[in-house]
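A.B. asks: To convert, count from 1 in the sequence shown and add 33; that's this note's numbering. In this text, a Cβ means the ideal position worked out from N, Cα and C, and glycines have one as well. Sharing a structure below in structure tokens format, with a few things to ask.
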Amino acid sequence: MDVRRAVDQDAAAMAGVIAVVAPEDTLGAQPPVDVATRAAGFRDLLAGDGAAWVLEDGGVVQGYLSLTPRTRGVFGLGMAIVAAGRGRGGGRALVEAALAFARAGGAHKVDLEVWPDNARAIALYAATGFVVEGLRDRHYLRADGTLRSSLIMARRLG
Ligand SMILES: CC(C)(COP(=O)(O)OP(=O)(O)OC[C@H]1O[C@@H](n2cnc3c(N)ncnc32)[C@H](O)[C@@H]1OP(=O)(O)O)[C@@H](O)C(=O)NCCC(=O)NCCS
């Protein structure tokens, strides 16, 4: 498993990861995922002030992490790894690469939102220094009509 900076040509594979993972209901994205639109979003991110990394196994993209500029000095983190690529340290490697990048660029914080029942992701974030900053109470309207809360977690860098 290798982590490297994502380039424009990775956008479709990154969007493909979202499409594969979304049915698990661990992401904000819900099926059906518009892969072309997601890929275009990643290309825009990479062409602008954002950054992304891919997790590869034998040259095949298994996961990604993106950093999106939020407010000055703050990046928002999004990530997903296909089921077959999990549990082998790839998540931690992606987060550590992103934190090193953000810190080197002078950012003071990386934040994210995670479903409160996503124990695996929360464990990864806690292990890499993220703390809970708050709860968005019944904030997201899901496709089934329910309202879902999210935890706000953040990692201070300075
Ligand atoms: C969350 C996710 C990125 C983590 O990736 P991963 O490859 O499993 O991460 P790692 O192998 O680096 O493990 C990270 C930590 O989680 C722990 N962990 C693994 N499985 C776990 C589980 N079922 N429950 C709780 N913790 C678990 C590991 O012990 C590890 O801790 P350590 O590094 O201190 O040993 C991945 O599971 C995923 O993509 N899930 C679906 C999408 C998702 O939830 N994205 C995040 C949305 S906010």
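(1) Buried or exposed, going by whether 16 or more other CB atoms sit within 10 Å of the CB of Leu110?
(2) What is the DSSP secondary structure of Met34, counted as helix, strand or coil?
(3) Extract the residue ranges of the beta strand (DSSP E) inside the stretch 46-123, only unbroken runs of 3 or more that lie entirely within it.
(4) Report all residues from its chain with a CB closer than 6 Å to the CB of Arg188; omit the five preceding and five following residues, and keep chain order.
(5) How should Arg38 be labelled, buried or exposed, when 16 other C-beta atoms within 10 angstroms of its C-beta is the threshold for buried?
(6) Under 7 Å: does the beta carbon of Gly120 sit that close to some heavy atom of ligand 1?
(7) Are His141 and Leu190 closer than 8 Å when you measure CB to CB?
C.D. replies: Quick look at the numbers:
(1) buried
(2) coil
(3) 84-90, 93-102 and 107-114
(4) Val143, Gly162 and Phe163
(5) exposed
(6) yes
(7) yes
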